[in-house]
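Q: Please find one structure pasted underneath; my questions will follow.
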Amino acid sequence: MCLGIPGQIIEITNVNHKLALVNIGGVKRQVNIACIVDEQHPPEACIGDWVLVHVGFAMNRINEQEAAETLQLFQELANEYLI
């Protein structure tokens, strides 16, 4: 099973290498965005996009509502297992 964590792209750090800074729950990480860019959606257009991040790669774009719902589920799981 793979787990993708929602995050929001806040900055493109290297256009040539397709790297971006992604805010994942308040933690900023550099992520490879090669899987989500193409001619219709170049790296520069990705700022503000919500993405699912898995092992340092943005695997696909998701909408903000999907991201919020997933983050809420993670929070509920954490609360259940940390108590």
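Add 21 to a position in the sequence shown, counting from 1, and you land on the number used in this note's numbering.
Even for Gly, the Cβ is constructed at its ideal location relative to N, Cα and C.
#1: Assuming residue 75 and residue 25 make a contact with CB atoms under 8 Å, what is their CB distance in whole Å?
#2: Quick one, which of 99, 33, 79 and 44 has its alpha-carbon nearest residue 55's?
#3: Round the Cβ separation of residue 112 and residue 52 to the nearest angstrom and send it over; I've been treating them as touching at under 8 Å.
#4: In this structure, what does DSSP give as the bridge partners for residue 28?
#5: If distances are taken between C-alpha atoms only, which option among 23, 46 and 36 comes closest to residue 92?
#6: What residues match up with residue 43 in a beta bridge as DSSP calls it?
#7: Have a look at the DSSP bridge pairing and note the partners of residue 79.
#8: Out of 36, 43 and 50, which one is the CA nearest neighbour of residue 58?
A: A quick look at the data gives this:
#1: Sequence index remark: in the sequence shown, residue 75 carries index 54 (1-based). Sequence index remark: in the sequence shown, residue 25 carries index 4 (1-based). About 5 Å; that satisfies the 8 Å criterion.
#2: Taking the first residue of the sequence shown as 1, we reach residue 55 at position 34. Here the closest residue by C-alpha is 79.
#3: Any property of residue 112 remains undetermined from this structure, which presents the chain solely from 22 to 104.
#4: By 1-based counting over the sequence shown, the position of residue 28 is 7. Paired residue(s): 72.
#5: The residue labelled residue 92 in the question sits at position 71 within the sequence shown. Closest in alpha carbon position to residue 92, among 23, 46 and 36, is 46.
#6: Start at 1 with the first residue of the sequence shown, and residue 43 comes out as number 22. Paired residues: 30 and 50.
#7: Here the question's residue 79 lines up with position 58 in the sequence shown. In the DSSP assignment, residue 79 forms a beta bridge with 74.
#8: Counting from one through the sequence shown, the residue named residue 58 turns up at place 37. The shortest C-alpha separation from residue 58 is found at 36.
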